Amino acid sequence: MHPSLRFIQGYPEHIVTPVSQLIESDRLVAWFEARYPENHTIKSEKALFDYAIDIKNRYMKKTPPISKVIYDSKIHIINNALGLYSYVAKNHGGKIKSKNEIRIASVFKDAPESLLRMLVVHELAHIKEKNHDKAFYQLCCHMEPDYHQLELDARLFMIYLDLKK
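Take the sequence shown: its position 29, counted from the start at 1, is 29 in the UniProt record's numbering, and no numbers get skipped.
Below you can see the structure in the form of structure tokens.
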């Protein structure tokens with residue numbers, strides 16, 4: 001098994017086999033670039049924050065505010081994740097101050113916009129739904145109807161990056 005297939009470990013055979021064949025025939029990079037010819041232009045953390053807030057305001061107006069949305073270079077190495085949502089509550093003089101923060105793996109600075117959107121949607125959904133359950137995925141699909149395909153494609157993007165090294 002090719003080491004890059006670790007990114008789609010647990011996916012059904014009817015998905016893994018064609019991906020494996022693309023890798024073995026050295027066609028996955030060209031296939032991915034044809035599928036996603038352009039990357040987004042959201043490079044700064046301010047632009048990323050504004051991007052996330054726009055999505056939040058469109059679909060989740062009544063949820064608590066987000067204090068930070070950043071690219072994080074350590075994410076997938078440490079957590080084997082592509083993005084992280086964190087909720088921090090601190091007691092300041094008897095008042096509880098809470099912060100919602102989203103971190104997106106830095107490799108997605110140079111990704112197709114739809115894959116970045118899928119990650120932001122995923123992390124935003126955690127504000128309302130903490131667990132990866134049916135309600136969580138329903139919310140993700142409400143914000144991004146192609147969520148499940150884009151989640152797979154984000155994993156294929158990781159394979160793509162692995163093969164381009």
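Note that CB positions come from ideal geometry on N, CA and C, so glycine has one too. All values reported here derive from a predicted model rather than from experimental measurement.
Item                                                                                                                         : Value
Cα-Cα separation between Gln138 and Asn91, rounded to whole angstroms                                                        : 33 Å
Coarse secondary structure for Asp146, derived from DSSP in three states                                                     : coil
Cβ distance (whole Å) where Val19 is taken to contact Leu161 below 8 Å                                                       : At roughly 14 Å, the Cβ-Cβ gap does not stay under 8 Å, so Val19 and Leu161 are not in contact.
Pair within 7 Å by beta-carbon distance, Leu115 and Val29                                                                    : no
Pairwise C-alpha distance: Glu38 and Ile53                                                                                   : 23 Å
Contact the stretch 91-109 vs the stretch 128-146: 3+ CB pairs below 8 Å                                                     : no
One or two residues paired with Ile104 in a DSSP bridge                                                                      : Tyr71, Gly83
In chain order, each beta strand (DSSP E) run of at least 3 residues that lies wholly inside the stretch 31-72               : 68-72
Straight-line Cα distance separating Glu24 from Gly71                                                                        : Note that residue 71 is Tyr in the sequence shown here, rather than Gly. Spanning the two alpha carbons is a distance of roughly 32 Å.
Contacting residues, own chain, Cβ-Cβ under 8 Å from Phe7 (five flanking each side not counted)                              : Arg155, Leu156, Met158, Ile159, Asp162
Assumed close pair Leu84, Ile96 - CB separation to whole angstroms, cut-off 8 Å                                              : Not quite, the Cβ-Cβ distance comes to about 22 Å (not below 8 Å), so this is no contact.
Chain-order list of residues whose beta-carbon lies under 8 Å from that of Leu152 (same chain, five-residue window excluded) : Ile8, Tyr11, Ile15
Residue of Gln21, Pro65, Glu129, Leu82 minimising C-alpha distance to Met118                                                 : Leu82
Cα-Cα separation, Ile66 to His122                                                                                            : 14 Å
Nearest-angstrom Cα separation, counted from Met60 out to Tyr51                                                              : 14 Å
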